[in-house]
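If you read the sequences in order, they're chains A and F. Just so you know, our numbering puts 92 at position 92 of the first sequence, and the rest follows in order with no gaps. Counting the second sequence from 1 gives a position; our numbering is that position plus 172. For every residue, glycine included, the Cβ atom is placed at its ideal position computed from N, Cα and C. Please read these numbers as outputs of a predicted model, since none were measured by experiment.
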Amino acid sequence: MKSKVKQNDIFNWLVKNYYDRVLRTAIYYLRNRSDAEDITQDVFLKAFEKIDFSKTDESKFPILFIMAKNLSLNKIKSKGRQEETLPDWEILSNCYNPESDFDKKQNINEINLILKELKDQDREIILLKHYQDCSYQEISEILNIPIGTVMSRLYSARKKLQTMLKGVNYGE
Amino acid sequence: MESKCDDFKLKIQGLADGELDLTDESSSDLFLHLSSCRECREEYHSLMNVKNRIKIEGSKQPSKELFIEFEKRRSSSVIRKIGYLLILVPYIIIVGIGMYELFRDGSEGLLIKSSFLAIITGIIILLIYTIKGRIKESKNDKYKEIIR
Numbered sequence: 001m002k003s004k005v006k007q008n009d010i011f012n013w014l015v016k017n018y019y020d021r022v023l024r025t026a027i028y029y030l031r032n033r034s035d036a037e038d039i040t041q042d043v044f045l046k047a048f049e050k051i052d053f054s055k056t057d058e059s060k061f062p063i064l065f066i067m068a069k070n071l072s073l074n075k076i077k078s079k080g081r082q083e084e085t086l087p088d089w090e091i092l093s094n095c096y097n098p099e100s101d102f103d104k105k106q107n108i109n110e111i112n113l114i115l116k117e118l119k120d121q122d123r124e125i126i127l128l129k130h131y132q133d134c135s136y137q138e139i140s141e142i143l144n145i146p147i148g149t150v151m152s153r154l155y156s157a158r159k160k161l162q163t164m165l166k167g168v169n170y171g172e
Numbered sequence: 173m174e175s176k177c178d179d180f181k182l183k184i185q186g187l188a189d190g191e192l193d194l195t196d197e198s199s200s201d202l203f204l205h206l207s208s209c210r211e212c213r214e215e216y217h218s219l220m221n222v223k224n225r226i227k228i229e230g231s232k233q234p235s236k237e238l239f240i241e242f243e244k245r246r247s248s249s250v251i252r253k254i255g256y257l258l259i260l261v262p263y264i265i266i267v268g269i270g271m272y273e274l275f276r277d278g279s280e281g282l283l284i285k286s287s288f289l290a291i292i293t294g295i296i297i298l299l300i301y302t303i304k305g306r307i308k309e310s311k312n313d314k315y316k317e318i319i320r
């Protein structure tokens with residue numbers, strides 16, 4: 001049995017390392033900050049009971065991501081229509097300050113429009129890599145596909161993204 | 173881009189993502205190729221441009237309430253376990269002794285004995301039903317692959 005001090009240390013470590021990414025996942029699905037914060041709290045409290053912490057070299061993000069996604073989708077199902085819907089620039093950034101740079105907001109809004117043009121499969125892998133900052137291994141676990149497939153799928157999705165970005169003068 | 177460059181495209185992506193295994197022998201082939209191929213260098217810079225363009229900045233820290241809630245849950249879980257133990261253990265002992273005394277004592281009527289037996293059977297049936305439900309639930313548990 002883990003001692004109380006050790007349990008606190010493990011929990012602090014888990015939260016410190018993954019809080020921001022889990023919150024981003026919940027915000028992406030819920031588009032509502034207050035609900036996303038509640039879901040993120042739930043994810044960590046539940047994850048602590050379920051995660052195997054003996055495997056220290058393994059990333060805990062894949063399971064946290066799946067939990068955050070499932071809990072968010074359940075919340076949407078139970079709550080129905082969202083009362084507050086965050087704008088795209090706030091979903092796809094950590095610009096929590098509404099006064100943030102106008103150019104930055106515009107850039108994110110344009111990128112989001114491009115992302116919407118991508119196929120689901122391409123958008124999903126781009127978001128996991130760039131928005132969730134996932135490693136190839138983490139993406140492989142989340143999507144349940146081999147690392148080689150992650151690399152080729154990511155490559156192809158990025159090529160499409162690059163072409164589209166060039167089309168709106170956001171390329172090199 | 174030449175077909176030789178195609179062999180390096182995923183490695184260039186790996187380099188841009190910081191996922192290239194530098195101890196791998198083929199990595200040195202990539203660097204050699206990059207030093208002589210302008211198109212592949214451009215490919216690398218182009219990838220870095222996209223990465224920077226959609227880079228997420230800043231981070232959000234958790235509120236203190238999360239840690240307070242965690243503390244509360246840990247404490248209440250221990251107290252709950254102690255509570256269950258304090259209720260269940262004496263309860264099982266008392267019921268066991270009662271059953272033993274009831275069936276040993278020949279003066280008690282058949283009606284009382286059979287009623288008591290019916291209560292115990294009912295409890296066992298409910299217990300089996302609950303355990304079966306839990307097993308069924310765990311089979312559909314989306315987190316069952318995680319060691320608890």
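When only Cα atoms are considered, I307 of chain F and L71 of chain A end up about 22 Å apart. One finds K232 in chain F with Cβ atoms closer than 7 Å to the Cβ of L23 of chain A, taken in chain order.
In this structure, L45 of chain A and E241 of chain F form a Cβ contact; the two beta carbons are roughly 7 Å apart against a cut-off of 8 Å.
If you draw a straight line from the Cα of I125 of chain A to the Cα of Y136 of chain A, it comes to about 10 Å. Judged by their CB atoms, Q233 of chain F and Y155 of chain A are not nearer to each other than the 8 Å cut-off. If only complete runs of 4 or more residues are kept, the segment 19 to 54 of chain A shows the alpha helix (DSSP H) at 33 to 50, in order along the chain. With respect to chain A, the C-beta atom of F242 of chain F has a partner C-beta closer than 8 Å. Between I76 of chain A and L30 of chain A, the C-beta spacing is below 8 Å. D57 of chain A carries a coil assignment under DSSP once its states are collapsed to helix, strand and coil. Distance between N107 of chain A and K236 of chain F, taken at the CA atoms: about 33 Å. Cβ proximity to chain A below 9 Å picks out nothing from the segment 286 to 301 of chain F.
Chain order gives the chain F residues near I111 of chain A as R225 and I226, where near means a beta carbon separation below 8 Å.
Straight-line measurement puts the Cα of L182 of chain F at about 7 Å from the Cα of S152 of chain A.
Straight-line spacing of the CA atoms in L115 of chain A and V43 of chain A works out to 27 Å. Here the alpha carbon of S199 of chain F sits roughly 15 Å from the alpha carbon of D178 of chain F. Between R24 of chain A and Q121 of chain A, the C-beta spacing is not below 8 Å.
Considering only A:N12, A:K119, A:E138 and A:I142, the residue with the shortest C-alpha distance to K160 of chain A is A:K119. Interface residue (Cβ-Cβ distance to chain F less than 8 Å): V43 of chain A is not classified as such.
The three-state secondary structure of N144 of chain A, taken from DSSP, is coil. S287 of chain F counts as exposed, since fewer than 16 other C-beta atoms from the protein chains shown sit within 10 angstroms of its C-beta. A:V22 is the residue among A:V22, A:S140 and A:E49 whose C-alpha sits nearest the C-alpha of E37 of chain A. For N109 of chain A and K129 of chain A, the gap between their C-alpha atoms comes out near 18 Å. The beta carbon of E273 of chain F lies closer than 7 Å to none in the same chain, with the five residues before and after it left out.
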